[in-house]
Amino acid sequence: MEASQDISRLIEIMAALRNPQTGCPWDIVQTFETIKPYTIEEAYEVSDAIERKDMDDLCDELGDLLLQVVFHARMAEEAGDFSFGDVVEAITRKMIRRHPHVFAVSSADTPDAVKLQWDEIKAEEKRERAERRTKRGISEDFKSGFLGSVQRSFPALTEALKLQERAAKVGFDWSAPEPILDKIEEEIGELRVALASGDKAKVSDELGDLIFAVVNIGRHVKTDPEQALRGTNTKFRRRFNHIETTLEAEGETLEAASLQRMEDIWQAAKAIERQLAE
Numbered sequence: 419m420e421a422s423q424d425i426s427r428l429i430e431i432m433a434a435l436r437n438p439q440t441g442c443p444w445d446i447v448q449t450f451e452t453i454k455p456y457t458i459e460e461a462y463e464v465s466d467a468i469e470r471k472d473m474d475d476l477c478d479e480l481g482d483l484l485l486q487v488v489f490h491a492r493m494a495e496e497a498g499d500f501s502f503g504d505v506v507e508a509i510t511r512k513m514i515r516r517h518p519h520v521f522a523v524s525s526a527d528t529p530d531a532v533k534l535q536w537d538e539i540k541a542e543e544k545r546e547r548a549e550r551r552t553k554r555g556i557s558e559d560f561k562s563g564f565l566g567s568v569q570r571s572f573p574a575l576t577e578a579l580k581l582q583e584r585a586a587k588v589g590f591d592w593s594a595p596e597p598i599l600d601k602i603e604e605e606i607g608e609l610r611v612a613l614a615s616g617d618k619a620k621v622s623d624e625l626g627d628l629i630f631a632v633v634n635i636g637r638h639v640k641t642d643p644e645q646a647l648r649g650t651n652t653k654f655r656r657r658f659n660h661i662e663t664t665l666e667a668e669g670e671t672l673e674a675a676s677l678q679r680m681e682d683i684w685q686a687a688k689a690i691e692r693q694l695a696e
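Residue numbers (the working numbering): 419 to 696.
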């Protein structure tokens, strides 16, 4: 096969990779669940390329993200659910339907009128979606109810923040940040108990509760937890890089260094940061 600008070539490549007899052993055994983390990762890498304004990387990362769409569509086609063509048809139909002021006749000629028209069309689509789900026997629907407007597709920290913000609109909220600290300590205690039990599912559950409580206090002190964590990630990268470069300068390696040795250099990095901040 040769590279091509025709999307059909990518679809053919994916079909070949998934061929049970002649395909790639890794690609053949993948499922929606195993591929999902890669799909999320590729979306983040697209976002990162945009933030860095790197058009070369953006082109490459968009291709990686497109591959994820083709991969999922291929698995769905194998299961007899839908194909890539169905995905394209669905989104083109949606875009045409939501833009009657462009593709049909409409009186929406201002941004506000377009927004109102968009909301009305989405409401109609929501009703149609509910009917389809009912016919397929799907009862649970996270898009319904008061919290339905909060997308599950958000990163977990963002979803937690938006769920809390939404619930707060009807008074389901803490009155001040201090009681949340007590809640955090309570969750830490429950996590300790779960750790002692050795029950991995319980540990995961309690860890989630703890993180949710931490997100809550961030909201109360007007600090976006996603951005706060991103800042900590940057700080961790910087300090760990200091460990690596210090060891290299002294003829040592990360693999051979003891934990105490790395901790000492870490603390030195913190001291340098404090001096620079003064």
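In this text, a Cβ means the ideal position worked out from N, Cα and C, and glycines have one as well.
### Sequence ranges, alpha helix (DSSP H) only - wholly within the stretch 618–655, length at least 4
618–638
### Message
Taking the alpha-carbon of SER571 as reference, which of GLU420, TYR462, ILE425, VAL621 has the nearest alpha-carbon?
### Response
TYR462
### Query
Going by the beta-carbon positions, is the gap between LEU581 and LEU565 smaller than 8 Å?
yes
### Query
If you count every other CB in all the chains shown that lies within 10 Å of the CB of LEU506, and 16 or more means buried, which is it?
According to the sequence shown, residue 506 is Val rather than Leu. When all chains shown are included, VAL506 counts as exposed.
### Message
Assuming contact is defined by CB atoms lying nearer than 8 Å, are GLN423 and TYR456 in contact in what I supplied?
### Response
no
#### Entry: Where GLN678 sits in the DSSP three-state scheme
helix
#### Entry: Rounded separation between ARG545 and GLY607 - CA only
44 Å
#### Entry: Beta carbon of THR664 nearer than 8 Å to that of ILE690
no
### Query
Which of the three DSSP states, helix, strand or coil, is assigned to LYS587?
coil
### Query
Does DSSP put PHE521 in a helix, a strand or coil?
helix
### Query
In whole angstroms, what is the alpha-carbon distance linking ASP466 and MET432?
26 Å
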